[in-house]
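**Student:** Would you mind keeping the following structure in view while I ask a few things?
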Amino acid sequence: MLSQRRVIWKLWVGSYVLSLGLHAALYSVTLAVLIVAAPSLLTPRRTQSEQLNSAVVESQWQL
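Taking numbering that gives the first Met the number 0, the leading residue of the sequence shown gets 0, the next gets one more, and so forth.
Shown next, in the form of structure tokens:
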């Protein structure tokens, strides 16, 4: 009876530690992806009309 409790306890602790490890790995991968993707997500995107306007302004400055 005592060994059966010990086995159940070890299985429970092992599954808990495994769960913590998997959550930590998932968290670190998510954090790494956010760190890599953050600069491109934070910079404002220029629309096509803004790009066209800036090209027109640059061409006028060259004249």
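Even glycine gets a Cβ: it sits at the ideal position worked out from N, Cα and C. Please read all numbers here as calculations on a predicted model, not as lab measurements.
Give the straight-line distance between the Cα atoms of N52 and R44, rounded to the nearest whole angstrom.
**Tutor:** One-based indexing of the sequence shown puts residue 52 at position 53. One-based indexing of the sequence shown puts residue 44 at position 45. Their Cα atoms are separated by approximately 14 Å.
**Student:** So what's P38 in DSSP terms, helix, strand or just coil?
**Tutor:** Within the sequence shown, numbered from 1, the residue matching residue 38 stands at position 39. Looking at P38 - three-state DSSP - the assignment turns out to be helix.
**Student:** Does DSSP classify R5 as helix, strand or coil?
**Tutor:** In the sequence shown, the residue the question calls residue 5 occupies position 6. In this structure, R5 counts as helix in the three-state DSSP scheme.
**Student:** DSSP state of T46, grouped into three classes?
**Tutor:** Residue 46 sits at position 47 when you count from the first residue of the sequence shown. If DSSP states are grouped into helix, strand and coil, T46 belongs with coil.
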